[in-house]
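Everything in the sequence shown is counted per this note's numbering, starting at 64 for the first residue and increasing by one.
Beta carbons are placed, not taken as given, at the ideal position from N, Cα and C, and that holds for glycine.
Since we're looking at a predicted model, the values are computed, not measured.
Please read the structure below before turning to the comments.
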Amino acid sequence: MFLNTILVVLTDLAARLMGSANFRRHFHLLLSCLIVFGPALSMWVSQHSIFAKRTNFLYRAFLRSGWGWTCIFVGSFVFLLSFSVRRSLILSLRHLSRLVVAGVLWVGFRKLLDVLENATGSCYEPLSAVDGQPTVDGQPFLLLREGASKQLCVGNGMLWRGYEVSEDIFLLCLCCLLVAEETAVFGPYLTLGGPSGAPLRLLFLFCVTLLGLWMFLLLCLLAYFPAFPTQILGGALGCLSWRGLYQGWYRLGPSWYCPGRPGVGLFTKKEGGKPE
């Protein structure tokens, strides 16, 4: 009973924050400020910190599979929330289709970014220091093959340089904005008296915790591995993807070609004041 009370209090507070108009209106601005000013933290953080190593557990366990974690927790929350209200599999699948669309967008942009980097990059082999030798990042180099692919170049232990967009920052920004959008409906849902058992509340807290983890990893990457302008480009691409989907396409309303915005079809009232 005591644990359930704590769960209810925590979820109510988090749902009130996530569902507030100010949070939804300004969250993308907060992410933008982090991306622009986060690299300045590199002047104060220690390069001997555990977060300064790419082999850190959080990077290996979560960053490399960030989209999978987001789909698992957010997808479970969206499905359980929609199904507990309407008991309609079709409606639940329609709401889940927003994750499918975002996943297709993520994979598509990754392919395009790989093509761009391979088309504009060159492969270099570092050499021993020689006076007058041209350098890349302060290291002497020898240009090998302009036609080589990045995968082959890096696989052979050489250096690849091209026009890059940070896929990690892109993914983290997109996931943060997606989690914020999909969980923001829980506050209005509770206000209308919707059924909210412990499983649904736990899934909501997991989503909120995941959002906090993505923001923490985003800040770590910006502070410990600053890379201008690739990180800003990645953040801009993530924000533009969110705006195109949630602030553009999904506002057209549910139809055969549009899944609609989060919460559409769930928050109409019936007698008794509960969601219909």
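**Beta-carbon proximity check, residue 144 vs residue 329, cutoff 9 Å** = Cβ distance < 9 Å, so residue 144 and residue 329 count as in contact.
**Message:** Helix, strand or coil for residue 227? Go by DSSP, reduced to three states.
**Reply:** coil
**Same chain, Cβ closer than 7 Å to residue 125, neighbours up to 5 away in sequence not counted** = Once the five neighbours on either side are set aside, the close Cβ partners of residue 125 are 132, 276, 280.
**Cβ pair residue 90, residue 243 closer than 9 Å** = yes
**Prompt:** How would you call residue 260, buried or exposed, if buried means at least 16 neighbouring beta carbons within 10 angstroms?
**Reply:** So residue 260 counts as exposed.
**Prompt:** What is the rounded straight-line gap between the Cα of residue 263 and the Cα of residue 70?
**Reply:** Rounded to the nearest angstrom, the two C-alpha atoms are 11 Å apart.
**Item:** Terminal residues of the beta strand (DSSP E) in which residue 187 lies
**Value:** 185 to 189
**Request:** Kindly indicate which three-state DSSP category residue 109 falls into: helix, strand or coil?
**Result:** coil
**Message:** Measuring straight from C-alpha to C-alpha, what distance separates residue 320 and residue 116?
**Reply:** 44 Å
**Request:** Would you mind sorting residue 226 into buried or exposed? The rule is 16 or more other CB atoms within 10 Å of its CB.
**Result:** exposed
**Segment contact flag, the stretch 293 to 311 with the stretch 224 to 241, C-beta cutoff 8 Å, min 3 pairs** = yes
**Prompt:** Should the stretch 133 to 153 be called in touch with the stretch 215 to 222, which here means at least 3 C-beta pairs below 8 Å?
**Reply:** no
**Asked** Are there 16 or more other CB atoms within 10 angstroms of the CB of residue 256, so buried, or fewer, so exposed?
**Response** Answer is exposed; the Cβ neighbour count stays below 16.
**Message:** Buried or exposed, going by whether 16 or more other CB atoms sit within 10 Å of the CB of residue 194?
**Reply:** Unreliable placement is indicated for residue 194, whose pLDDT of 45 sits below 50; the coordinate value is still reported in the next sentence. Burial call: exposed.
**Prompt:** First and last residue of the alpha helix (DSSP H) that includes residue 68?
**Reply:** 65 to 81
**Contact under 9 Å by Cβ, residue 326 with residue 271** = Not closer than 9 Å, so no.
**Request:** Express the C-alpha separation of residue 188 and residue 136 in angstroms, rounding to a whole number.
**Result:** 43 Å
**Asked** So, helix, strand or coil for residue 222, using DSSP?
**Response** strand
**Prompt:** What do you reckon, are the CB atoms on residue 168 and residue 318 nearer than 9 Å?
**Reply:** no
**Prompt:** Per DSSP, residue 259 is paired with what?
**Reply:** According to DSSP, residue 259 bridges with nothing at all.
**Prompt:** Which partner residues of residue 318 appear in the DSSP bridge assignment?
**Reply:** 321
**Request:** With DSSP as the reference, label residue 247 as helix, strand or coil.
**Result:** Note: residue 247 maps to coil in three-state DSSP.
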